[in-house]
Amino acid sequence: MQKFTPSWRGRPWEDGFAALHAYLAPRAGVDDELLALAHACRPAMLSYPIDPAIPAEPGTPGTLHVTIEMIADVPACDISVRERDVLIDALRKELADVAPFVAELGPPLAGRAGAVLDVWPDGQVLALQERVRAAIRATRGEAALVHSGGRPHCSLGYSNPRELHQTGANALVGRSQADALTLRGAYSLAV
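As numbered in the numbering used here, residues 8 to 198 make up the sequence shown, in order.
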């Protein structure tokens with residue numbers, strides 16, 4: 008396993024740096040089976056240099072997430088409150104008619120950068136990603152979409168204990184209310 012070294016526009020991610028992200032985020036009381044699976048994976052990660060996204064307390068989501076997109080034109084600190092509001096409004100409009108969907112997460116996979124849960128089927132997640140990208144493109148331009156997160160996955164933890172870019176304040180964009188047993192579309196924009 009290698010230390011996960013995120014990058015920003017081809018350069019190493021610096022300490023204290025933040026970028027806006029659009030996430031699918033699990034919720035306690037809704038995605039309990041997913042949280043139980045992630046929590047069951049936690050002990051196996053503790054003997055490796057992995058910073059688990061799931062906290063020690065069962066049933067809490069911690070920073071568990073599926074990254075849908077990163078706004079990559081400028082650092083988060085260079086995006087004004089007004090620009091964030093415009094982006095959030097565009098995301099709300101673009102996602103308003105997205106129907107609730109179910110995606111299965113698992114099995115747990117370990118790689119050189121940490122541990123993840125595979126997302127399958129990924130068709131609706133990829134369609135959601137395209138809608139999010141359309142909102143970003145409309146408000147920030149094509150330059151904001153230089154990130155490629157690979158195939159959809161839920162990050163269980165990164166192999167870099169100092170890597171905390173996925174934590175921070177969340178602005179709720181919208182939330183679907185599907186009655187299913189796996190991760191639903193709960194969309195958040197996070198710094």
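Each residue gets a CB set at the ideal place from its N, CA and C atoms; glycine is no exception.
Keep in mind it's a predicted model, so treat the numbers as computed, not measured.
Collapsed DSSP secondary structure at residue i in the structure displayed
i	result
T67	coil
P50	helix
A60	coil
D22	coil
L31	strand
Y55	coil
Host alpha helix (DSSP H) of residue i (start-end)
i	result
I143	130-147
Start and end residues, beta strand (DSSP E) containing residue i
i	result
I75	72-77
C161	160-165
A111	It should be noted that the sequence gives Glu, not Ala, for residue 111. First-last of the beta strand (DSSP E) with E111: 111-118.
A97	Here A97 belongs to no beta strand (DSSP E); instead the alpha helix (DSSP H) covers 88-102.
D125	121-127
Distance CB(residue i)-CB(residue j) smaller than 9 Å
i	j	result
T70	A60	yes
H160	V109	no
G121	L53	no
L27	L94	yes
A29	L124	no
A32	P115	no
V139	R16	no
T146	E76	no
Per-residue burial, residue i [other beta carbons within 10 Å of its own, 16 or more giving buried]
i	result
C48	buried
P68	buried
E21	exposed
R158	exposed
E170	The pLDDT assigned to E170 is 41, lower than 50, so where the model puts this residue is not dependable; a value taken from the coordinates is nonetheless given after this. The residue is buried, with at least 16 neighbouring Cβ atoms inside 10 Å.
V88	exposed
A79	buried
Y165	buried
A43	exposed
A63	exposed
A45	buried
E101	buried
V198	Because the pLDDT of V198 is 34, which lies under 50, any placement of that residue in the model is unreliable, and the number read from its coordinates should be weighed accordingly. Under this definition V198 is a buried residue.
A142	buried
Proximity test, residue i beta-carbon vs the ligand HEM heavy atom, cut-off 8 Å
i	result
A45	In terms of ligand content, the structure shown is empty, and the ligand HEM therefore cannot be addressed.
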